[in-house]
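**Student:** Sending over a structure as structure tokens; questions will come in a sec.
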Amino acid sequence: MVMPAERDATVTGPVPRLRILLVDDEPLARARMRVLLDGREDIVIVGEAGDAATASELIEAVNPDLLLLDIEMPGQDGLSLAQTLRARTEIGVVFVTAHYEFAVVAFEIDAIDYLLKPVDPGRLATALVKARRSRPAMEPSPTPARSAENDYANTLWVQSRGGLVGIPLSTIEWIEAARDYVLLHTDSRAHILRATMTGLERQLDPALMVRVSRSAFVRRDAIVGLTPHGRGGLVVILAGGGGVKVGATFVAGIGRQFANV
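Be aware that the sequence shown starts at 6, since it is given in my numbering, and climbs by one per residue.
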């Protein structure tokens with residue numbers, strides 16, 4: 006959900022996106038937060054975790070600017086995790102909880118804000134403004150703090166039995182939607198990642214990955230040809246073999262872009 010009044014009042018120039026990690030043991034709570042954040046161009050969700058241990062691994066892997074952090078979770082709680090982070094990082098923390106009684110402790114460990122569930126969209130927008138202001142490098146300036154290409158992911162991180170595994174985009178031939186997940190197809194295997202196509206589209210460099218349908222992205226340099234399919238349709242032929250069907254609304258654009266392959 007976009008909060009234009011909040012954003013326009015504070016952002017006056019090019020701004021790097023605030024990199025957010027969602028940490029909550031309730032999948033539904035994380036899903037609701039994604040809905041509230043969906044459409045904001047000034048943030049990017051770089052991952053989500055259901056417990057402190059997974060969150061710690063992700064923090065090392067994706068280096069977020071901000072945690073939206075639940076307090077009561079199995080194992081290590083959110084307050085303890087925040088205290089640990091305070092000692093060794095500058096990552097901001099906004100607590101998101103159903104319990105008001107932890108507020109004093111939360112602010113004693115320098116929480117940026119404290120949001121009660123169900124989260125009010127306006128309060129969330131205000132908390133994000135506070136988070137940006139707490140990080141001088143995130144403030145608007147005539148010269149962007151990061152080049153546009155650096156806003157795009159070079160690696161997608163997936164959970165495996167041995168922990169997090171980074172999958173470089175340069176090894177992914179194509180990405181396929183699978184309900185609440187996506188499949189990252191490399192030349193050797195497929196990896197499963199909890200993500201949405203909309204969320205991925207904001208992370209993927211369009212110069213590297215092209216969307217060919219509502220449910221698929223393909224790496225541009227993996228495309229070796231096009232072949233007709235049905236009545237006016239197309240299939241993208243991949244260097245590793247096989248093909249990906251082009252969605253009807255994407256046929257004209259893909260046909261023009263790859264007419265000479």
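Don't be surprised by glycine CBs; every beta carbon is placed ideally from N, CA and C.
Fair warning: this is a prediction, and the values are worked out from it, not measured in the lab.
Can you find the residues in the same chain that come closer than 8 angstroms, C-beta to C-beta, to Ala57, ignoring five residues on each side of it along the sequence?
**Tutor:** Residue numbering aside, residue 57 sits at position 52 when the sequence shown is read from its first letter. Here the set comprises Val28, Met78, Gly80, Gln81, Asp82, Gly83, Ser85 and Leu86.
**Student:** Do Ile228 and Val215 come within 9 angstroms of each other at the CB atom, strictly closer than that value?
**Tutor:** As a working mapping, residue 215 is identified with position 210 in the sequence shown. As a working mapping, residue 228 is identified with position 223 in the sequence shown. Yes, these two residues count as a Cβ contact at 9 angstroms.
**Student:** Nearest-angstrom Cα distance between Leu239 and Lys135?
**Tutor:** Residue mapping note: residue 239 aligns to position 234 of the sequence shown, counting from 1. Residue mapping note: residue 135 aligns to position 130 of the sequence shown, counting from 1. Rounded to whole angstroms, Leu239 to Lys135 spans 48 angstroms at the Cα level.
**Student:** Between the beta-carbon of Gly230 and the beta-carbon of Val241, is there less than 9 angstroms?
**Tutor:** Mapped onto the sequence shown, residue 230 falls at position 225. Mapped onto the sequence shown, residue 241 falls at position 236. Yes. Within cutoff.
**Student:** Excluding the five sequence neighbours on either side, which residues of its own chain have a C-beta within less than 8 angstroms of the C-beta of Thr191, listed in chain order?
**Tutor:** Taking the first residue of the sequence shown as position 1, residue 191 is located at position 186. Excluding sequence neighbours, Thr191 sits near Ile172, Thr176, Ile177 and Glu178.
**Student:** Could you tell me whether the Cβ atoms of Thr94 and Tyr119 are closer together than 9 angstroms?
**Tutor:** As a first step, residue 94 is located in the sequence shown; it is residue number 89 there, counting from the start. As a first step, residue 119 is located in the sequence shown; it is residue number 114 there, counting from the start. Going by C-beta atoms, Thr94 is not nearer than 9 angstroms to Tyr119.
**Student:** Rounded to whole angstroms, what is the Cα-Cα separation between Leu205 and Leu90?
**Tutor:** Counted from its first residue, the sequence shown places residue 205 at position 200. Counted from its first residue, the sequence shown places residue 90 at position 85. Straight-line Cα distance between these residues: approximately 27 angstroms.
**Student:** Is it the case that the Cβ atoms of Leu23 and Ala60 are separated by a distance below 9 angstroms?
**Tutor:** By 1-based counting over the sequence shown, the position of residue 23 is 18. By 1-based counting over the sequence shown, the position of residue 60 is 55. Against a cut-off of 9 angstroms, the Cβ pair of Ala60 and Leu23 comes out as no contact.
**Student:** If we call anything under 9 angstroms between Cβ atoms a contact, is Val49 one with Arg207?
**Tutor:** Residue numbering aside, residue 49 sits at position 44 when the sequence shown is read from its first letter. Residue numbering aside, residue 207 sits at position 202 when the sequence shown is read from its first letter. Yes, the pair counts as a contact, with Cβ atoms nearer than the cut-off.
**Student:** Taking the alpha helix (DSSP H) that Lys250 falls in, what are its first and last residues?
**Tutor:** Within the sequence shown, residue 250 is the residue found at index 245, counting from 1. Here Lys250 belongs to no alpha helix (DSSP H); instead the beta strand (DSSP E) covers Gly248 to Lys250.
**Student:** Would you call Pro5 buried or exposed, if buried means 16 or more other Cβ atoms sit within 10 Å of its Cβ?
**Tutor:** A question about residue 5 goes unanswered here, because the residues of the chain that appear run from 6 up to 266.
**Student:** Using the Cα positions of Leu189 and Ile117, report the straight-line distance between them to the nearest angstrom.
**Tutor:** By 1-based counting over the sequence shown, the position of residue 189 is 184. By 1-based counting over the sequence shown, the position of residue 117 is 112. If I take the Cα positions, the gap works out to 35 angstroms.
**Student:** Quick check on DSSP: helix, strand or coil for Arg151?
**Tutor:** Reading the sequence shown from its first residue, position 146 is the one you call residue 151. Below a pLDDT of 50, predicted positions are generally treated as unreliable, and Arg151, at 35, falls in that range; no measurement from the model is reported.
**Student:** Val124 by DSSP, collapsed to three states: which one?
**Tutor:** One-based indexing of the sequence shown puts residue 124 at position 119. Of the three classes helix, strand and coil, the one that applies to Val124 here is coil, per DSSP.
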